[in-house]
Structures are given as C-alpha cells and as structure tokens.
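Chains as they are written, first to last, in our numbering: chain A, 161 to 463; chain B, 161 to 463; chain C, 12 to 271; chain D, 12 to 271.
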Amino acid sequence: MDKLSINIGGLRLKNPVMTASGTFGYGKEFADFVDLSRIGGIFVKGTTIRNRDGNAYPRMAETPMGMLNAVGLQNKGVDYFISNIYPSIKDYNTNIIVNVSGSTIEDYVECAAKLMGLEKIPAIELNISCPNVKEGGMAFGTSACSASEVVKAVRQVWNKTLIVKLSPNVTDITEIARAVEAEGADAVSLINTLLGMAIDINKRKPVLSTVTGGLSGPCVKPVALRMVWQTYNAVKIPIIGMGGISCWQDAIEFILAGASAIQIGTYNFIDPTISVKVVDGIESYLEKNNIKSISELIGSLII
Amino acid sequence: MDKLSINIGGLRLKNPVMTASGTFGYGKEFADFVDLSRIGGIFVKGTTIRNRDGNAYPRMAETPMGMLNAVGLQNKGVDYFISNIYPSIKDYNTNIIVNVSGSTIEDYVECAAKLMGLEKIPAIELNISCPNVKEGGMAFGTSACSASEVVKAVRQVWNKTLIVKLSPNVTDITEIARAVEAEGADAVSLINTLLGMAIDINKRKPVLSTVTGGLSGPCVKPVALRMVWQTYNAVKIPIIGMGGISCWQDAIEFILAGASAIQIGTYNFIDPTISVKVVDGIESYLEKNNIKSISELIGSLII
Amino acid sequence: MKKMLDLVVTENSKLNRNYSLIKLTSADGSLLPNMSPGQFVEIRVDNSPKTFLRRPISVNFFDVDKNELWLLIQIVGEGTRKMAEFRKGDIMNLLLPLGNTFTMPSTEHENRLLLIGGGVGIAPLLYLGYTLKKNGFSVSFLLGARSKDDLLQLDEFGKYGDVYCTTEDGSYGEKGYVTNHSILESINFSKIYTCGPKPMMVSVAKYASDRKIDCEASLENLMACGFGVCLCCVENTSEGNICVCTEGPVFNINRLKWIN
Amino acid sequence: MKKMLDLVVTENSKLNRNYSLIKLTSADGSLLPNMSPGQFVEIRVDNSPKTFLRRPISVNFFDVDKNELWLLIQIVGEGTRKMAEFRKGDIMNLLLPLGNTFTMPSTEHENRLLLIGGGVGIAPLLYLGYTLKKNGFSVSFLLGARSKDDLLQLDEFGKYGDVYCTTEDGSYGEKGYVTNHSILESINFSKIYTCGPKPMMVSVAKYASDRKIDCEASLENLMACGFGVCLCCVENTSEGNICVCTEGPVFNINRLKWIN
Ligand SMILES: Cc1cc2nc3c(=O)[nH]c(=O)nc-3n(C[C@H](O)[C@H](O)[C@H](O)COP(=O)(O)OP(=O)(O)OC[C@H]3O[C@@H](n4cnc5c(N)ncnc54)[C@H](O)[C@@H]3O)c2cc1C
Ligand SMILES: Cc1cc2nc3c(=O)[nH]c(=O)nc-3n(C[C@H](O)[C@H](O)[C@H](O)COP(=O)(O)OP(=O)(O)OC[C@H]3O[C@@H](n4cnc5c(N)ncnc54)[C@H](O)[C@@H]3O)c2cc1C
Ligand SMILES: Cc1cc2nc3c(=O)[nH]c(=O)nc-3n(C[C@H](O)[C@H](O)[C@H](O)COP(=O)(O)O)c2cc1C
Ligand SMILES: Cc1cc2nc3c(=O)[nH]c(=O)nc-3n(C[C@H](O)[C@H](O)[C@H](O)COP(=O)(O)O)c2cc1C
Ligand code: FES
Ligand code: FES
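So this is what it looks like as structure tokens:
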C-alpha cells in the first residue's frame, strides 16, 4: 500500500481516499460495512461551538443523479464531541479530521482551540462553505476577504494541519483559494455543495423547509472537477478534491486534475462500501499503468 | 390556448415554452418531429458578427444526467444568417429570436444593428455567458459592470425586445440581473451552461479539446431553479427560465419559482418532440388545478 | 450487524394494480441476518436515472425456516414501479436490517393488543403480529383501505389474530376510517401499534393518549441513507430533532409532538 | 422524413461475447420509413443513469419485405450492453433515418467495387452490398477482425458478393490487417467503400488516393443529437468544420483532411 501513501500539508495518509463531512457520521455507523482502517481518513460531521438542532424537516430532495440537503449542521457541539464521541473513535486506525463550522470568527477560533487539545485529531477542515445555515458558513467562503480573516484567526490557535473547505458558489474559486493559501492554510478541500432548489408542484411549495439547499452527488462532478483543475493551476498547497465521486475512475479523474487526495460524500449512502472499492480501484490502476506512486499522478493531466 | 399566452417585455408568446439557443438549430431541423407553430418561440443558434468555425473536435462529453459541450459558437456570421437563413424561417408561425454573441462590445452592437432590419425578428437574446470562447462571452456576464456596458450599448441600436442571457458561473446572479435591468433590458434569461470538465483516464487527457466546457441537462436543474427564484426576488423584469428542463413538471417548477416563460435545451436531443409535450402538460396542469391563466402561476410559490 | 447483500428474487406477485409482494432469499444459500418486526431495508433501484437514492421498505415478513424475506410494495413512483418489475431470479441489492423494532409488551398486564394499519402501513404489522403470537400474546388487527381491492394479505393476517377492516367506500368491513371502527369502542385495548399515513397515525395516537393506552407508531420520513449518517430523516420530538432511521422508525407516541 | 418511433424487438441474438444482432419492426404494423445504406438511427437507452444521450447505430440491413430493421451492436459500454439485453417484444425508441448515404457508382465505368470493413464497421456494408447487388453491380467484401470469432455475418455477406477476410491472429483468412490483404494487389478496383476504426480507414484512404481510386468512408464521430443541431460531431474538412451526422456519416475521402 506504500505507493498509495501521501502527505497533505503534514497530514500523513495511507491512501488518498477519505470520506466527506456529513456523509459518514463519525465513522462507526459504517463499521458494519467496511474495515475503517482501510480508509485514508474520515472527516466527521460539521461541528460547531454550541449544540445545534439543525433545520426543520423536510431536509432532502432527490434530483437527477444527486440530492439536495438542508441539514443545517445539526450536531451536539464541540464539548459533547470531545467528551462523548472522541473517546470512542480516537483509536481507529485512520485519520479523524474534524469539520469545523461557525457563524462568527470567534466561533471558529474557539472551536479550533478546544480541538487542539485532542491528540488523535491531526487536522481540522474549516467549513467556510455551508450553504444551509443563514448566519454564516457560506458567507465566509464567497468572499476572499472574509475567508482570509477566518483562516488568519484560526491559524493563531491551530498548529496542526489546517484544511480549508471552499464553496463552489463563486465566480472565481481560485481567488478564494489563493487568499486562504496566503493566510497559511495547509491545504484546500473542494467542493462543498452547490446551492440548489426543488419545488413540489402539487403543493406549490419548496420541497425543503429552507427553500434552498446544497446539491451533491454525481450530477455535480463536472463542475467539481473543473474547479479542482483551476485551483491546481492557481495554488501551491495540496488540494483535496470531491464532488460526485462514485467510483475509482472518478477518483482518478480528480487526481489527474490536481487533487492530492479525494473525499467521497453522497455516494456513501448508495454504496456504504464504496470507499474501499475506490482504494482497490486506484491501486489496480497504478499497477496496470506501471505507476510507482500516486504522487506521480497528481495533476499529471496532459493538455 | 389563450390561457397559455404571455407577454415578455413586449414579446407576445402564444405559450411560455420556447427552445434554447444552440439546441434547436434554426428550427427547420425539428420540422419533421414537431409542428413548430405550437412552440412559443425559437431561440436560434448563437450568431456572431463574423463567420466562426468553432472549437476543435471533440466537442462533447456525456456526464451523469447531462453533457458538456465546447462548440464555441460555430456559425456562419450575421450576414449569412440575414441573407441565407432568415428568408427560409421568417414565416414560421412562431417567434424567431436571435441569440447574439460577441467578443467586444462593438461586435454585439454591430450584430444587433444588422438584425434590427429584419421585420420578423421580434427580439434578440444577448449571450453574455458563453463559457466556450476565450475572447469574450462569459467575461461580460460574470461582472455586473461589463454586463451593463454591453446592454447599454446594444440598447442604443435595438428598440425591440431585448433579452439578456445570464451566466450561472457567478457568486451572485442577482447582482448581474439588476445591473442589466438598470440599463434597460426587457427580460433576462437564465441559465446558460455551468463551466465543467471531464477527463479520459486512459489517455490522461481532457475529453474536450478546450479542456473545460459548458454543462447542461437535468443535472443542472436544481441550480437553475434556485437562480430563477433568487432573480425573481431581485428584479421586476420578466425572467425566462431554463436549465435541465425535461418534462412539463420541470417547466411548472420554473414558473412557480418566477419564470414567465421557459426554454428547453439539451432535452431536445433526447426527445425532439419534448417542446410540444411540455406545452400540453402545462395546459392540463392549468385545467386540473383550475388556473385561468399562466400569469397567475408565475412566482406563485408558497413560502 | 448491518449488511449490504445481493438477494435473489424467489417470487414477485402482483397483488393488485398498485401492490406487489416480493420474496427474496440469499443468493448463495447463506442465512439471512436476523430481522425484527418494525425494521426495514434500503433497496437499490439501479438503472434508473430518477432513483439515485435507495428506497426504504419495511420487513413485511421474515420466514426463518425458508430463509425468506417478504416485502410488500405499493407502487407510487419510479422506484417502486421498478421493484414491481423485478422477475424471479433477478438480484436485488439491500442494506439490512435497519432501524429499531416494536417493543414486546410485558406479559403481565398487556394482552389485549391492537395493530392498526392503513394503506401500505400494514406491511410491518404482519411480521409484528406473527412475532407477538409466537411470544404468546393475543392480537387483533384493524386494517383500513380505500376499498376491498386494497385490503391485502388478509389470509396471512388471519393466521395470527382477529382481523377487523374498514374501507372508505364500504365495500368490505365497516365503512369509514380505521379510527371510526366500532371495535375501538367495544374493546379496551392495553396497547396499540400503528403504521400508515400520518393523519391516520395522528388520530390513532390521539385516541390512545385520550384513553392512556400505550401506543407505538412507525414513521415513514424521507430518508437519504437509512443508517443514521445523513440526518435528513429527523422527526421533531420532545428531545429535539432525532433520526427516524436509527432511533425509529418505531416511536412511543409520548416522544412525538403529535398531540396538543 | 425523419421520425421518432417506438419499434418492437422481434429478435435479439448474441453473435458472440461482444456482438448482438437486433431485429426490429414497427409496433403497430405500419411501414418503416425507407432507409438507405450508410444511414443510421439514434437509440434511446432509457433507464440508465449513464446513458443520458441517445446512441447512434448504423442500419445493418433493411428488409423491406419483412418490414424489418437490423442493427449490429458491438458491446463497448453501458449503452450497448443495455441494447444487448433487450428481449423479444421489448420496445426501443429510435430516431430514423439519419445522415446521408453511400453514393451509387455510375454504371458505365465502375464495376469492380470493394467494401472494406473492420470491427463493427462492417455493419453498414451489409446493406450497402445488398443494395449495390440489387442495382446490378458486382461487389467484393474485405472484412477484418481480431480473430475468427469476431468475423460476423459472413453468410449474409456471401449472398451479395465475394468475401475476403483478414484476422490479426491468422485464425481465418489472411493474417494481418485488411490493408495488407493480397486482393488489394491483385485486383484493380474502381471504387472503394469503407467503414471501421479510424486508423484502418485512413490506411484505406491512402491506398485509394495513391491509386486514384474513388473512395467513400463512413465516420463515427461522437454525437449528441444525430440530426444537425448540437454541432458536436464535426469533422475538420477542406470546407472547415462540418457535421458528420447530416453532411455525413459518409464522406468522399477527398473532402477529408486525412491524407497529407
Ligand atoms: C421506514 C420506512 C418504511 C417503509 N416501508 C414501506 C413498505 O413496506 N412498502 C412500501 O411500499 N413503501 C414503504 N415506504 C415508503 C417508500 O419508501 C416510498 O414509497 C418509496 O421510497 C417511494 O419511491 P418511488 O421511487 O416509488 O417514488 P418517488 O417518485 O420517489 O416518490 C413518490 C412518493 O413517495 C415519497 N417518497 C420518496 N422517497 C421516499 C423515501 N425515501 N422515504 C419515504 N417516502 C418517500 C415521495 O415523497 C413521494 O410522495 C417506507 C418508508 C420508510 C421511511
Ligand atoms: C454514425 C455512427 C454509426 C455507428 N454505428 C454503429 C453500429 O452499427 N454498431 C455499433 O455497435 N456501434 C456503432 N457506432 C458506435 C456507437 O455509437 C458507440 O459504440 C456507442 O454509442 C457507445 O455507447 P456505450 O454506452 O455502449 O459506450 P460508452 O460507455 O458511452 O462509451 C464507450 C466507447 O464508445 C464511444 N462512444 C460513446 N458514445 C458515442 C457516440 N455517441 N458516438 C460514437 N462513439 C461513442 C466512447 O468514446 C467510448 O470510447 C456508431 C457510431 C456512429 C457515430
Ligand atoms: C447530507 C449531507 C450533509 C453534509 N454535511 C456537511 C457538513 O456538515 N460539513 C461540510 O463541510 N460539508 C457537508 N456536506 C458536503 C459534503 O461533505 C461534500 O462536500 C459534498 O456533498 C460534495 O461531495 P459529494 O458529491 O461526494 O457528496 C454534506 C453533504 C451532504 C449530502
Ligand atoms: C450543444 C449546445 C450548444 C449551445 N449553444 C448555445 C449558444 O450558441 N448560445 C447560448 O446562449 N447558449 C447555448 N447553449 C446553452 C443553452 O441554450 C442553455 O442555456 C443550456 O444548455 C441550459 O439549458 P438545458 O439544460 O435545457 O440544456 C448551448 C447548449 C448546448 C448543450
Ligand atoms: S436517513 Fe440518513 S440519517 Fe436517517
Ligand atoms: S450530432 Fe449533433 S450536430 Fe451532429
């Protein structure tokens, strides 16, 4: 498996396949289906400084080869995570990365500071791109200026690997990527969900309680892949690519476009074993094509 | 059919169902499949001041419930259109609207001025959102400032209905919509294609000769619908909605979200008779729900 | 332990225009995981552009001897239509078993049990009735449907208890809704289990709560995953939003906010 | 006139591991539109999330008497695999007839005609051979494949002319590529028609152009619509980018930029 290992801004991965925040719980929900130690890393559910009950039901709508969600960062807060969840997952033989969300810069900083004490959390992912909460999240991720501010502030209290998750709902994602790189982000991950909407024509009402929600799944893959490629050509820090990955071939596309690692999100719902299938698929591809290390493949697209 | 008729900034439509530029040729290609007089309007292929040979092959990639295209505005130029195409289509019993593209403001203005002479062209659609040509198009549509400039300039020479087609590849589509409204656009149409990409993992090369291309089809519908709804809440001029419409139910969703009329694009390739099916479906929906006129439905979403 | 399994269809019978009964067994002869009444499975309906997500379907019956799982399907859209088209020998991919279960009554004081189902909500009650009877309880079923044609599996239900019916058009049993059935006045039940359309379950819950009868309801919230990770299926309870797919689908009505 | 039609499958036979022959007729007994050799159809492969677009397939044979259309399918991906799974009685939705046709030779001076096909490129040559023979021309076929197993419809081809073969592994006919076949040296053909993988067609085109033999090739560019509206299928010719689906798929090699 050594040919699959990769280093993302200090974070060592046994392979480049990870699972996306909000789609893999805290890992244990998948323990019946897959050997978690075969996954490069698990991004746990978006965590906030205080307990959040999330948005009202209904929170999802099915769309052509995808889904909308409007969960709204339901979670029990960082203190609960530290005392009740962390102890039961910290010894998994994989990387546990916490996805940190907030409504103010202070929220992000406070949350990161608390997580800093957890030995087995090697990295956090700053979610400045959640489209489903009114007060914040995406607002930070759609302007280079506010994105920099959050990253700068969190960088003061977090000295392990800092990953910043970018929003695709912008004119130029490279501008935001460059801004967070300049403030010391170790890596960027992209994309979060695209803002979308669905309507129930019989009730003449939006399907989601929040009217709009986040689009994910195979339908967004072409957009995600384009953004990874653009970002690869704009920054020097590593990129974690995601958006619609449903098979190992998709993962290879992202790696060729410039991703050093990938995350699988929505497809975990369809096939809870997909992550290890993607690991196996990437390994065979390397072998078949006589590639000695995954790092040779990153961004090796021939233009 | 009167309950289906609608007025879009001076343009009278017998029904709100039209076909999108670049997906319906000049109408005649569909004459074998549908009675063109049953369609509200036909937006013909993007027309430029000079002949364009378009981008190199390959120009398309299939994606989950959608496709990428990189045609690059291949067309024989406005003069050819006026002398060779217009005469053969001008007497169709439907609205023929010319989609006008350009690389400079002068291109747009010159093109519009030439079309002004054609009696049977009641409207033009300014394409400031084509992602497939390097020199222009989308560049105009992703900044409110340059979008205003084009519209302002064209407004000087074009006094029939002026529709401006917006790009979805922006942080805030309402900003651009408001800017073109302020310069006198009679209506906005949205969305053009989302910028996307696909990679051939065996060749390790982009599938499209242009690397990136425009994503369309059912996969983009949730994003398009959201943008129509946002724009409806931001401007007073009518909206022509499109993006992934594949059945009459989709069309109703767009109308509820605020579209006064809709366009069908990619799905014409899958079912060349889809446009009249959508007309029939909308009509039955109105009847079944006892709605006297389509205008009652526009933007009538219950929040 | 939850599993993802390819099962083989041994039978798929159309019960009427809108309903199919699918029987499945393991493809390789191995034993199916044990399943309890109230639990459900998530079915992958591949090969349809309109069914990206899996579809949750209750365990209608689990025949341990035959190693067979029954699913009762009401055709409402593309996914359920595709399921009805599966033929004998076809392979279906399922996640199972998912969710919690109906709770068994404590023998002493609860022996007048009523299982109230409406529409496809009768599905989980068959296996529940069987299990209750096996555990020595006596059971009555109260099943409601639009008309006679839509009352399904009556023979099966009859094996495990008395069956009372209502139809909206009066073509079978008493005319009206389940909550109007005379048995609700004549017998004093000690526990009620219910599954069906939400308005029906809410009426049942009101009836039970008014009379202080213990009552469990099985919910059918929209689900994206079925095993507790997407947080889409939440019900707003006295403890806040909780997942129907893991903390449910069966809830004691006291936890729900349906009454008052 | 182009039509969108639901046709019914009368037969679907697996010719080998990778090839199926589908025969279709009208569902309502009406006459199929007339089709000419070289034309193609666009097939809708519904019910697959990976086949959003239609798939272009050549007219392999059009049996006017039986009102039957034949399609020869090589399984290369999801769409063609689904086609191979269609059963007798299933309905297939097609757009047809699309594209131009091979041109008939002018009787006087062209009577030594060679039809060169490779792989699934043999598909349109069967109907072309039949039509040429019917019009009084004598025809030779030169068919190439990887090995004996992949040489298809030889009996059918034999009905309309001499059949010469090459296989890459030498298991049937001459060993090597079609362009190495000895007949190309021994007979002086007056016109060549070709369809197959692009490298093969380019070799054929070079051979023909060197000898000033008139030559037509049928192209298989990627298509999104098939009837001239998407402008995705273009070939870069001496007149610029032109649509293969309407101005082709058959081109005289002089229009193409394959040579020099
Ligand atoms: C725990 C649980 C157990 C269920 N048991 C059964 C059963 O035993 N038999 C049975 O026939 N049905 C059962 N259902 C309902 C069944 O899941 C839906 O009818 C089915 O998913 C609809 O899919 P479709 O593609 O046919 O319809 P769609 O076209 O997707 O939708 C048609 C209708 O079904 C509703 N629906 C769609 N997806 C879901 C979903 N994931 N969950 C709930 N409702 C949905 C939609 O809101 C819509 O009103 C159960 C649902 C749940 C949550
Ligand atoms: C005019 C024309 C006539 C054809 N005639 C035949 C025929 O008679 N029999 C036959 O078996 N095949 C024929 N083809 C090729 C056939 O269209 C493709 O093999 C088929 O579309 C692949 O679909 P898929 O879903 O199985 O494969 P995919 O998974 O989509 O792709 C597999 C391979 O097929 C290629 N391909 C995909 N879509 C197309 C497309 N729209 N056009 C061309 N190539 C494509 C891809 O580039 C890829 O290499 C013809 C193509 C054209 C353009
Ligand atoms: C139900 C659901 C919940 C999600 N919750 C979060 C979250 O809490 N934090 C976050 O950064 N992203 C969240 N996401 C976004 C995913 O992590 C991922 O960025 C996105 O879904 C795109 O990847 P995919 O197409 O593979 O799903 C969520 C996505 C889904 C579908
Ligand atoms: C092959 C193709 C060519 C297109 N050409 C044009 C064009 O010339 N001008 C334009 O404004 N939009 C063009 N479009 C965009 C469509 O008009 C439409 O905005 C878009 O496809 C979204 O709608 P849909 O999802 O229904 O296809 C093209 C789209 C496709 C698929
Ligand atoms: S359905 Fe995903 S958490 Fe319940
Ligand atoms: S395939 Fe669309 S123009 Fe040829």
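Ideal Cβ placement from N, Cα and C applies to all residues, glycine included. What you are looking at is a predicted structure, and each value in this text was computed from that prediction instead of being measured.
Beta-carbon spacing of residue i, residue j below 8 Å
| i | j | result |
| --- | --- | --- |
| Lys99 (chain C) | Val20 (chain C) | yes |
| Gly418 (chain A) | Gly459 (chain A) | yes |
| Leu350 (chain B) | Leu326 (chain B) | yes |
| Phe262 (chain C) | Ala219 (chain C) | no |
| Lys188 (chain A) | Ile249 (chain A) | yes |
| Val470 (chain A) | Tyr268 (chain A) | Outside the modelled stretch of chain A, which goes from 161 to 463, sits residue 470 (chain A), for which no answer is possible. |
| Ser193 (chain D) | Ser158 (chain D) | no |
| Gly129 (chain C) | Gly207 (chain C) | yes |
| Phe429 (chain B) | Thr264 (chain B) | no |
| Gly259 (chain C) | Asn27 (chain C) | no |
Through-space distance from residue j to residue i, alpha-carbon basis
| i | j | result |
| --- | --- | --- |
| Met94 (chain D) | Pro398 (chain A) | 43 Å |
| Tyr392 (chain B) | Ile415 (chain B) | 10 Å |
| Asp162 (chain B) | Ile442 (chain B) | 13 Å |
| Glu456 (chain A) | Ala411 (chain A) | 15 Å |
| Thr142 (chain C) | Pro48 (chain C) | 7 Å |
| Ala467 (chain B) | Val131 (chain C) | Absent from the structure is residue 467 (chain B), since the part of chain B shown begins at 161 and ends at 463. |
| Val310 (chain A) | Asn259 (chain A) | 14 Å |
| Asn29 (chain C) | Pro224 (chain A) | 25 Å |
| Lys209 (chain D) | Asn78 (chain C) | 55 Å |
| Ala191 (chain A) | Ala347 (chain B) | 54 Å |
| Val189 (chain D) | Asp225 (chain D) | 18 Å |
| Val150 (chain C) | Leu125 (chain C) | 6 Å |
| Val255 (chain C) | Pro60 (chain D) | 29 Å |
| Asn244 (chain B) | Lys236 (chain B) | 10 Å |
Residue i, enclosing alpha helix (DSSP H) - first and last residue
| i | result |
| --- | --- |
| Phe441 (chain B) | The amino acid at residue 441 (chain B) is misidentified as Phe; the sequence shows Gly. From DSSP, the alpha helix (DSSP H) with Gly441 (chain B) extends over Ile434 to Lys448. |
| Tyr30 (chain C) | Per DSSP, Tyr30 (chain C) belongs to no alpha helix (DSSP H); it is in the beta strand (DSSP E), Tyr30 to Ser37. |
| Ile198 (chain D) | From DSSP, Ile198 (chain D) is part of no alpha helix (DSSP H); its letter is neither H nor E. |
| Phe51 (chain D) | Phe51 (chain D) -> not in any alpha helix (DSSP H); beta strand (DSSP E) instead, spanning Phe51 to Arg55. |
| Val20 (chain D) | From DSSP, Val20 (chain D) is part of no alpha helix (DSSP H) but of the beta strand (DSSP E) over Lys14 to Asn27. |
| Phe414 (chain A) | Trp408 to Ala417 |
| Tyr175 (chain D) | Looking at the DSSP string, Tyr175 (chain D) is not in any alpha helix (DSSP H); the run it does join, the beta strand (DSSP E), is Asp173 to Thr178. |
| Ser306 (chain B) | Ala304 to Val317 |
Check: residue i C-beta below 7 Å from any heavy atom of ligand 3
| i | result |
| --- | --- |
| Thr183 (chain A) | yes |
| Thr353 (chain A) | yes |
| Tyr427 (chain A) | yes |
| Ile415 (chain A) | no |
| Leu233 (chain A) | yes |
Beta strand (DSSP E) segment containing residue i, residue limits
| i | result |
| --- | --- |
| Asp225 (chain C) | Asp225 to Ser229 |
| Ser220 (chain C) | From DSSP, Ser220 (chain C) is part of no beta strand (DSSP E) but of the alpha helix (DSSP H) over Lys209 to Asp221. |
| Gly201 (chain B) | Gly201 to Thr207 |
Residue i: CB within 7 Å of a non-hydrogen atom of ligand 6
| i | result |
| --- | --- |
| Val240 (chain D) | yes |
| Gly214 (chain B) | no |
Contact test: residue i Cβ vs ligand 4 heavy atom, cutoff 7 Å
| i | result |
| --- | --- |
| Ala421 (chain B) | no |
| Ser376 (chain B) | yes |
Residue i beta carbon near ligand 7 (any heavy atom closer than 7 Å)
| i | result |
| --- | --- |
| Cys244 (chain C) | With respect to ligand 7, the structure shown offers nothing to examine, as its ligands consist of ligand 1, ligand 2, ligand 3, ligand 4, ligand 5 and ligand 6. |
Closer than 7 Å: residue i CB and nearest ligand 1 heavy atom
| i | result |
| --- | --- |
| Thr205 (chain C) | no |
| Glu250 (chain D) | no |
Task: Below 5 Å from a heavy atom of ligand 2 - residues by beta-carbon - done: Cβ-based neighbours of ligand 2 within the cut-off: D:Phe51, D:Arg66, D:Pro67, D:Ile68, D:Ser69, D:Ile84, D:Gln85, D:Val87, D:Gly88, D:Glu89, D:Gly90, D:Thr91, D:Val131, D:Ala134, D:Glu231, D:Leu233, D:Met234 and D:Pro260.
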